[in-house]
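Read the structure below first, then the notes.
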Amino acid sequence: MKIATWNVNSLKVRLPHLLQWLEANPVDVLCLQETKLTDDKFPLAEINSAGYQVAYTGQKTYNGVAILSKYPITDVVKNNPRFEDEQQRIIAATIEGVRFVCAYIPNGQAVDSDKYVYKLAWLKALHEWLAAEMRQHPQLALLGDYNIAPEDRDVHDPAEWEGKIHFSDKEKAAMAALVDLGMVDAFRMFEQPEKQYSWWDYRMMAFRRNRGLRIDHILLSTELAKRCTACIIDREPRKWEQPSDHTPVVATLD
DNA sequence: ATGGCAATAGAGTATTGA
């Protein structure tokens, strides 16, 4: 079983990219973030035609998440039941006995801003909810855009980013707390090439210069991690015309 | 230190992202 996550930065604009990528990478489950579409505008027919069932929750302009699957999707939950939130950032579902949580973790904008406070509160509530979810579902995967680079090696220039948004101590601690629930960063289970990132700024030729961050992650419960045999970042779609600024992360499960 | 790029809403320019 192959599972993946991709922040598409507008599913309206990126639908052709998504369909092209799925044709070359027919993963079993794909979590999307930043669909930026209300549910009535979701391209259901196109995704069904590509061979996928899908659960989604969106809103106008911002946020929006979806889970595509080749297998039946059950027990869909939209948003964190423990966190009152207008913003559509979480969708969870059970597929083939695995609990999938697709998350678009808040950006945070700048350290100590209101949005940063919201991000940390949001992460705390996620932690509390996931603790309960993991007790119910030993095989759980948390896939998404975390907007956090956990380690120095996940940042093109750690000195430049030190203490900045996506790389502040409190954000790293919040992600470490998720790991402490009993999860593993699938990407770091395996030997990887150096300087692997999942996001590059559109400006300053950041992609060409590989000035990126690894902020999109797949965390697997220890039980599920036992089944994981590979995890890669696929940079290819970042090279296409009019790309998302993020690129997919893919994990293989036995 | 600042802005640069992209998407959206909506009709010039502001907001947000990371």
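Sequence positions in the first sequence follow the working numbering and run 1 to 254. For glycine and all other residues, C-beta sits at the position ideal for the given N, C-alpha and C. Being a predicted model, the structure only gives us computed values, none of them experimental.
- K119 sits buried, since 16 or more C-beta atoms from the chains shown fall within 10 Å of its C-beta.
- For S69, the enclosing beta strand (DSSP E) stretches over residues V65 to S69.
- When L213, F207 and H217 are compared, the shortest CA-CA separation from K239 is found for F207.
- Boundaries of the beta strand (DSSP E) around A4: K2 to N7.
- Taken in chain order, the whole alpha helix (DSSP H) runs of length 4 or more contained in the region 117-164 are 158-161.
- The alpha-carbon separation between V117 and A251 amounts to approximately 31 Å.
- The three-state secondary structure of F187, taken from DSSP, is helix.
- The beta carbon of L15 is closer than 8 Å to those of P43 and E46 in its chain, skipping five residues each way along the sequence.
- In this model, A177 and H127 are separated by some 7 Å (Cα to Cα).
- The continuous beta strand (DSSP E) containing T94 extends over residues I90 to I95.
- Using a Cβ distance threshold of 7 Å, A186 and L220 count as a contacting pair.
- The three-state secondary structure of Q20, taken from DSSP, is helix.
- Close CB contacts of D114 within its chain, under the 6 Å cut and outside five residues either way in sequence, are absent.
- Close CB contacts of I73 within its chain, under the 6 Å cut and outside five residues either way in sequence, are with Q53, A55, A93 and I95 (chain order).
- For T38, the three-state secondary structure derived from DSSP is coil.
- Beta bridge pairing from DSSP links S221 with M183.
- Bridge partners of K78 according to DSSP: I91.
- In the pairwise beta carbon analysis, the region 5-22 is classified as not touching the region 154-163: fewer than three pairs are separated by under 8 Å.
- Per DSSP, the beta bridge partners of L32 are W6 and A66.
- For A45, the uninterrupted alpha helix (DSSP H) run begins and ends at L44 to S49, by DSSP.
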